[in-house]
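Undergrad:
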């Protein structure tokens, strides 16, 4: 994706409209509208939603390495560095604190 003469890497999540109800689509749109206003280093940035065609696509910041849950599952016996664990927990807590300070509850 290009923005103001720079290139950024993005991730795209998609959902087929045949699988998602109309109410589900409305909820996705509402959440995306809210989330695109949040900018914090510990919160994945949402850039927008594409509804023109099937599937619906949510365009967001690319986080390399997969989700935190996937990382913890695949590295559970390898992570013994307490400083690294503390950094991961603190980063997650700062992201949640940012969202909570804006009356957003992560689910």
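Residue numbers (our numbering): 41 to 147. Idealized CB from N, CA, C, for every residue including glycine. If you're wondering where the values come from, they're calculated on a predicted model, not measured in any experiment.
DSSP on residue 118, reduced to helix/strand/coil?
TA: If you number the chain shown from 1, residue 118 lands on position 78. Coil at residue 118, not helix or strand.
Undergrad: Bridge partners for residue 97 per DSSP, in chain order?
TA: Your numbering for residue 97 matches position 57 in the chain shown. In DSSP, residue 97 forms a bridge with 54 and 90.
Undergrad: Between which residues of its own chain and residue 87 is the CB-CB distance below 8 Å, once the five residues before and five after are set aside?
TA: By 1-based counting over the chain shown, the position of residue 87 is 47. Closer than 8 Å at Cβ, skipping near neighbours: 41, 50, 76, 99, 100 and 101.
Undergrad: Quick check on residue 48: buried or exposed, where buried means 16 or more other Cβ atoms within 10 Å of its Cβ?
TA: Within the chain shown, residue 48 is the residue found at index 8, counting from 1. Classification for residue 48: exposed.
Undergrad: Are the beta-carbon atoms belonging to residue 57 and residue 65 less than 8 Å from one another?
TA: By 1-based counting over the chain shown, the position of residue 57 is 17. By 1-based counting over the chain shown, the position of residue 65 is 25. Yes; because the gap between Cβ atoms is below 8 Å, this pair is in contact.
Undergrad: Taking C-beta to C-beta, are residue 54 and residue 96 nearer than 8 Å?
TA: Within the chain shown, the letter at position 14 stands for residue 54. Within the chain shown, the letter at position 56 stands for residue 96. Contact check for residue 54 against residue 96 passes: the beta carbons are separated by less than 8 Å.
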